[in-house]
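**Q**
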Amino acid sequence: MCHTVIDWSKQTKIKNHLRLLCYINTVPRTKLTKAIHVKHTWARHCTKYLFMSSEEDPFLPAVNLNLTVPEARKHLWSKMRKILNYVYKFRNQYDFFLKADDDTYIIPENLRAALLDFNSNEPILLGYPFTHVISEGHVSGGAGYVFSRATLKLLVTKAIDRHPACPTYDEDKEDVKISQCAYAVGVAYKSLVDRHTTYPYSWRSDPRNENLFQWRSLEHLFEKMKKHAYRPAQFDAKDPFLRNETVSDLFQCFFTLGLVLLFAT
């Protein structure tokens with residue numbers, strides 16, 4: 001079990017100081033199975049959150065992007081370009097912008113604490129670095145990535161549909177393409193990883209934890225992905241994965257590699 005002392009007064013100061021807009025990619029059919037749970041758990045800890053979809057939904061709230069292509073994985077980059085242009089209207093109201101999917105779990109308090117080391121007026125892109133497509137590293141879209149206000153401005157005004165090195169052809173690898181576009185306009189990539197990079201299982205310490213939320217063990221998947229990892233995870237299915245560390249306001253995990261494995265109860 002994880003026992004961590006949280007200084008809530010410090011967390012409140014950080015929350016007020018660093019304005020974080022979280023935009024979550026979703027589709028209408030997963031509203032009740034995924035998006036609604038994001039809304040009621042981690043999203044409410046962002047300064048502002050928006051769900052990006054092909055249909056408007058005032059309850060989530062979800063934005064209708066008026067897509068000109070089907071809302072399918074193979075057209076994900078087209079959707080992401082639409083999203084960036086929509087989010088651009090908030091460029092002066094927030095410091096950092098988090099992209100997540102509706103099956104990502106984020107701990108915004110930890111993220112804010114990590115972002116205190118960065119300047120929102122500098123063009124930076126932060127996330128988990130994969131190197132199997134771009135040697136210098138590209139963000140993991142499933143785990144989520146963050147960029148500064150300065151980066152958003154460069155992406156929309158100089159990169160998306162403008163720079164020759166920023167792809168316009170459509171396919172599913174939006175995380176690779178956002179990295180390519182960012183590099184094209186001088187954005188610096190910063191890896192944002194913790195001691196174990198990701199936590200694939202539940203935080204519960206009993207031996208069954210690897211199967212609590214999954215129909216089979218995920219160990220085979222993470223062993224396979226180790227060769228692409230910046231800092232490969234080391235884990236034991238019998239041990240808890242959130243540990244009490246000396247820095248109590250920065251826990252051990254930020255992202256769960258695109259899988260919702262921890263919910264507030």
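Sequential numbering of the sequence shown, starting at 1, is according to full-length UniProt numbering.
Every residue, glycine too, gets a C-beta built ideally from N, C-alpha and C.
Counting only the same chain and skipping the five closest in sequence on each side, list residues whose C-beta sits under 7 Å from that of C166.
**A** The residue labelled residue 166 in the question sits at position 166 within the sequence shown. So the qualifying residues of the chain are A159, I160, Q180, C181, A184.
**Q** Provide the residue span of the beta strand (DSSP E) that contains C22, from first to last.
**A** Residue mapping note: residue 22 aligns to position 22 of the sequence shown, counting from 1. Looking at the DSSP string, the run of the beta strand (DSSP E) that includes C22 is 20-25.
**Q** Quick one: using the 10 Å Cβ neighbour count with 16 as the cut-off for buried, is R149 buried or exposed?
**A** For the purposes of this step, residue 149 is taken as the residue at position 149 of the sequence shown. It is buried - the Cβ of R149 has at least 16 other Cβ atoms within 10 Å.
**Q** Taking only three categories from DSSP, how would you classify S78?
**A** Locating residue 78 in the sequence shown gives position 78, counting from the first residue. It is helical.
**Q** Under a Cβ-count criterion, where at least 16 other Cβ atoms within 10 Å of its own Cβ denotes burial, should N66 be classed as buried or exposed?
**A** To locate residue 66, count along the sequence shown from 1; it is residue 66. With fewer than 16 other Cβ atoms within 10 Å, it is exposed.
**Q** Which of helix, strand or coil does DSSP assign to V156?
**A** By 1-based counting over the sequence shown, the position of residue 156 is 156. The answer is helix: DSSP assigns V156 an H, G or I state.
**Q** Terminal residues of the continuous beta strand (DSSP E) containing N64?
**A** Residue numbering aside, residue 64 sits at position 64 when the sequence shown is read from its first letter. Unbroken beta strand (DSSP E) run through N64: 62-64.
**Q** Are the segment 73-88 and the segment 129-138 touching by the rule of at least three beta carbon pairs closer than 8 Å?
**A** Flag = no, the segment 73-88 and the segment 129-138 do not touch.
**Q** Do I24 and F51 have their CB atoms nearer than 7 Å?
**A** In the sequence shown, residue 24 corresponds to position 24, counting from 1. In the sequence shown, residue 51 corresponds to position 51, counting from 1. Their beta carbons are under 7 Å apart, which means I24 touches F51 by this criterion.
**Q** Skipping 5 residues on each side, what residues in its chain have a beta carbon closer than 7 Å to that of T30?
**A** Position 30 of the sequence shown, counted from the start, is the residue given in the question as residue 30. Excluding positions up to five away in sequence, the list reads D102.
**Q** Would you kindly work out how many angstroms separate the C-alpha atoms of L115 and N16, rounded to a whole number?
**A** Taking the sequence shown and counting its residues from 1, the one referred to as residue 115 is at position 115. Taking the sequence shown and counting its residues from 1, the one referred to as residue 16 is at position 16. Going by the C-alpha atoms only, they are around 13 Å apart.
**Q** Could you compute how far the alpha carbon of R162 sits from the alpha carbon of T151?
**A** Sequence index remark: in the sequence shown, residue 162 carries index 162 (1-based). Sequence index remark: in the sequence shown, residue 151 carries index 151 (1-based). Their backbone Cα atoms lie some 15 Å apart in a straight line.
**Q** Going by Cα to Cα distance, which pick from D170, E171, E136, V156 is closest to A188?
**A** As a first step, residue 188 is located in the sequence shown; it is residue number 188 there, counting from the start. Among D170, E171, E136, V156, the Cα nearest to that of A188 belongs to E136.
**Q** Tell whether a beta-carbon distance below 7 Å holds between V146 and L84.
**A** For the purposes of this step, residue 146 is taken as residue 146 along the sequence shown, with counting starting at 1. For the purposes of this step, residue 84 is taken as residue 84 along the sequence shown, with counting starting at 1. No, they are not a contact pair.
**Q** DSSP three-state label for T12, please.
**A** Within the sequence shown, numbered from 1, the residue matching residue 12 stands at position 12. It is helical.
**Q** I'd like the ranges of any beta strand (DSSP E) spanning at least 3 consecutive residues and lying wholly in the UniProt domain "Fringe-like glycosyltransferase" (37-182).
**A** With a minimum length of 3 residues, the continuous beta strand (DSSP E) runs that stay inside the UniProt domain "Fringe-like glycosyltransferase" (37-182) are 48-53, 62-64, 96-101, 124-127, 145-148.
**Q** In the DSSP assignment, what residue or residues form a beta bridge with A188?
**A** Walking along the sequence shown from the start, residue 188 turns up at place 188. Partner(s): I124.
**Q** Expressed to the nearest angstrom, what Euclidean distance is found between the alpha-carbon atoms of K173 and R81?
**A** Locating residue 173 in the sequence shown gives position 173, where the first residue counts as 1. Locating residue 81 in the sequence shown gives position 81, where the first residue counts as 1. Taking the straight line joining both Cα atoms gives about 12 Å.
**Q** Could you check the C-alpha separation between W42 and K48 for me, to the nearest Å?
**A** Residue mapping note: residue 42 aligns to position 42 of the sequence shown, counting from 1. Residue mapping note: residue 48 aligns to position 48 of the sequence shown, counting from 1. Near 11 Å, if we compare the C-alpha coordinates of K48 and W42.
**Q** Taking the straight line between their C-alpha atoms, what separation do you get for V38 and T168?
**A** If you number the sequence shown from 1, residue 38 lands on position 38. If you number the sequence shown from 1, residue 168 lands on position 168. Taking the straight line joining both Cα atoms gives about 30 Å.
**Q** Could you say which of V133, S78, L18, K34 lies nearest to D95 if we only look at CA atoms?
**A** Stepping through the sequence shown from its first residue, residue 95 is reached at position 95. It is L18.
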